[in-house]
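See below for the structure under consideration.
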Amino acid sequence: MTFRFDQLFPRAVWPLACLLVAGPGCVLLWGYPPDAEEFHSVGGYLARNVAARFTSAPSALSAGTDRIELTALLLRILQTGCAIGFAALAWLRASGPAWPAMLRSPAALALQLCLAVVGDMGLIYVFTAQLGTLPLRAAMRWLAAAIFLASGTTLLTIAALRMSDGRFIMACTLAAAEAAIMCIVTALVQVALRERRARVALAAAHAELQATQALLTEAVRASERMRLARDLHDMAGHHLTALKLHLDLASRQAGRAAPPSLATASTLAATLLADVRLLVSSERGGCDIDVRLALQTLCAGIPAPRIALDIGERLGIDSAAVAHAVFCAVQEAISNAIRHAGAAAMTIALRRDANGDLALDIADDGRGSGGAAEGNGLRGMRERLDQLGGTLLAANGAPHGFALNIRLPQAGAAA
Numbered sequence: 000m001t002f003r004f005d006q007l008f009p010r011a012v013w014p015l016a017c018l019l020v021a022g023p024g025c026v027l028l029w030g031y032p033p034d035a036e037e038f039h040s041v042g043g044y045l046a047r048n049v050a051a052r053f054t055s056a057p058s059a060l061s062a063g064t065d066r067i068e069l070t071a072l073l074l075r076i077l078q079t080g081c082a083i084g085f086a087a088l089a090w091l092r093a094s095g096p097a098w099p100a101m102l103r104s105p106a107a108l109a110l111q112l113c114l115a116v117v118g119d120m121g122l123i124y125v126f127t128a129q130l131g132t133l134p135l136r137a138a139m140r141w142l143a144a145a146i147f148l149a150s151g152t153t154l155l156t157i158a159a160l161r162m163s164d165g166r167f168i169m170a171c172t173l174a175a176a177e178a179a180i181m182c183i184v185t186a187l188v189q190v191a192l193r194e195r196r197a198r199v200a201l202a203a204a205h206a207e208l209q210a211t212q213a214l215l216t217e218a219v220r221a222s223e224r225m226r227l228a229r230d231l232h233d234m235a236g237h238h239l240t241a242l243k244l245h246l247d248l249a250s251r252q253a254g255r256a257a258p259p260s261l262a263t264a265s266t267l268a269a270t271l272l273a274d275v276r277l278l279v280s281s282e283r284g285g286c287d288i289d290v291r292l293a294l295q296t297l298c299a300g301i302p303a304p305r306i307a308l309d310i311g312e313r314l315g316i317d318s319a320a321v322a323h324a325v326f327c328a329v330q331e332a333i334s335n336a337i338r339h340a341g342a343a344a345m346t347i348a349l350r351r352d353a354n355g356d357l358a359l360d361i362a363d364d365g366r367g368s369g370g371a372a373e374g375n376g377l378r379g380m381r382e383r384l385d386q387l388g389g390t391l392l393a394a395n396g397a398p399h400g401f402a403l404n405i406r407l408p409q410a411g412a413a414a
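Under numbering that gives the first Met the number 0, the first residue of the sequence shown is numbered 0, with each subsequent residue one higher.
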């Protein structure tokens, strides 16, 4: 079971986290001049090298204040720009498939890591929180890279400052604490992700159980009404027909001597036979299986993705096999959207077209099949529909997602 980046947290969470982490640092950076330690960071090193190309070095004629001021200005711009760029990438990555896939690629993640290290405003912790949304192995690799770069730059800064032994030990302890915090943040998000997966899986299983029970109840009800209608037709209908024939025969044999009660009995028998036939027709018409309740129960119990269900009016299905095929198709599509597509929203439309054929259209906004071969679920669905004379068209959506178009002819629906 997979989740997209934007499913776990709202898009606004990541820019807000960047603002809370880097905002105070930016305010202090622009409110007060940078100290000597900041000039020995990665950003300070880049700012000093750029400033050296445009200003003169300190000499007997110049105190070098222009270079210091330009270095401070460039450092402010660089760190603020890194914070803004990091927040923008985090927001775009949380925008789902509406943005190009390159924004969710490892290259974009590597760029975020570089911005977090160069910006040096605590954004590395937001980065490690994002790592918790990745698969475990990928998260561990990126976490190791983040610890290596963050701790490496911290140790290089310590070495460049030539601190005393006490401050050196304290700085190394802080670097180790930063690495531990990054591990803890990633682990917490991973645990939260697993807990969410478990809750979604449990809710989906519960919804499937309730929906299956509703479909079974509806099928049993329709089967029982069909049995009663058949028995009523075979037993009472046949006897009433025989009674009507004998009454008509007795009336003809008696001729004019037939008593009026015989004609009344014949009329009552004819009326009763017509009522039985009407009742049997009514019961047979009410034997259709309505999958509406089963599908509504299934979709209402799924917490993610969001499902929009649209079922047409007068959609009774007179075949248990067809009702089961429709239910299994919807169930398989929802399962694939949860486990593989990482979809955030789905649409399910079930209706009858102008020819009376059954049409089921399912679409999601997930990552699509990516050209992969059909799995056992889709193959089983296609085989089940072929037996009923139906068709299945599966294709990637535009511009993203996956779509299923299922058609069952009226003849097949009545099978």
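In this text, a Cβ means the ideal position worked out from N, Cα and C, and glycines have one as well.
None of the values given here were measured: they were computed from a predicted structure.
Between glycine 300 and glutamine 209 a beta carbon distance of about 6 Å is seen, short of the 8 Å cut, so the two are scored as contacting. Within the DSSP bridge table, the entry for isoleucine 301 names no partner. For the pair threonine 79 and alanine 106, the Cα-to-Cα distance works out to about 21 Å.
By the neighbour-count definition (other C-beta atoms within 10 Å, threshold 16), alanine 86 is a buried residue. Between isoleucine 316 and alanine 307, the CB-CB gap reaches or exceeds 8 Å. With a threshold of 16 other beta carbon atoms within 10 Å, proline 23 falls short and is exposed. Counting along the chain, methionine 234 sits inside no alpha helix (DSSP H), nor does DSSP assign it H or E at all. For the set Thr172, Leu69, Cys182 and Met380, the Cα lying nearest the Cα of valine 329 is the one of Met380. Less than 8 Å separates the beta-carbon of aspartate 360 from that of alanine 348.
Minimum Cα-Cα distance from alanine 170 among the listed residues Thr346, Leu377 and Thr152 corresponds to Thr152. As the crow flies, the alpha-carbon of leucine 110 is around 38 Å from that of glycine 376. Note that the C-beta distance between alanine 144 and isoleucine 123 is not below 8 Å.
In this structure, DSSP gives threonine 390 an extended state, which the three-state scheme calls strand.
For glutamine 189, the CB contacts under 6 Å within the same chain, skipping 5 residues up- and downstream, are Gly131 in chain order.
The criterion of a C-beta distance shorter than 8 Å is not satisfied by valine 117 and glycine 30.
In the three-state scheme derived from DSSP, where H, G and I count as helix and E and B as strand, alanine 342 is classed as coil. Fewer than three Cβ pairs drawn from the region 290–298 and the region 251–267 lie within less than 8 Å of each other, which leaves the two stretches out of contact. Spanning the alpha carbons of alanine 249 and methionine 234 requires a straight line of approximately 23 Å. Contact between valine 199 and isoleucine 337 holds: CB atoms are separated by about 7 Å, below the 8 Å threshold.
Between isoleucine 405 and leucine 387, the C-beta gap is not smaller than 8 Å, which leaves the two residues out of contact. When C-alpha distances from phenylalanine 126 are compared across Arg350, Trp13, Pro258 and Thr270, the shortest belongs to Trp13. Approximately 49 Å separates the beta-carbon atoms of leucine 297 and alanine 268; this is outside 8 Å, ruling out the contact.
By the C-beta density criterion, valine 26 is exposed, having fewer than 16 other C-beta atoms within 10 angstroms. Within the region 306–338, complete alpha helix (DSSP H) segments of at least 4 residues are found at 319–335, given in chain order. Here asparagine 335 is buried, its C-beta having at least 16 other C-beta atoms within 10 Å. Collapsing the DSSP output to three states places alanine 89 in a helix.
Secondary structure at aspartate 356: coil, using DSSP grouped into helix, strand and coil.
Where leucine 403 is concerned, the enclosing beta strand (DSSP E) starts and stops at 401–407. A straight-line Cα-Cα distance of about 20 Å links arginine 226 and alanine 213. The C-alpha of alanine 402 is placed about 10 Å away from the C-alpha of methionine 345. For threonine 132, there is no enclosing alpha helix (DSSP H), since its DSSP letter is neither H nor E. Per DSSP, reduced to three states, the secondary structure at aspartate 363 is strand. Contact annotation: alanine 358 and arginine 351 have beta-carbon atoms nearer than 8 Å.
For alanine 46, the closest C-alpha among the options Val20, Ser40 and Leu74 is that of Leu74. Secondary structure note for tyrosine 31: it is in no alpha helix (DSSP H), with a DSSP letter that is neither H nor E.
At least 8 Å separates the beta-carbon of alanine 191 from that of alanine 319.
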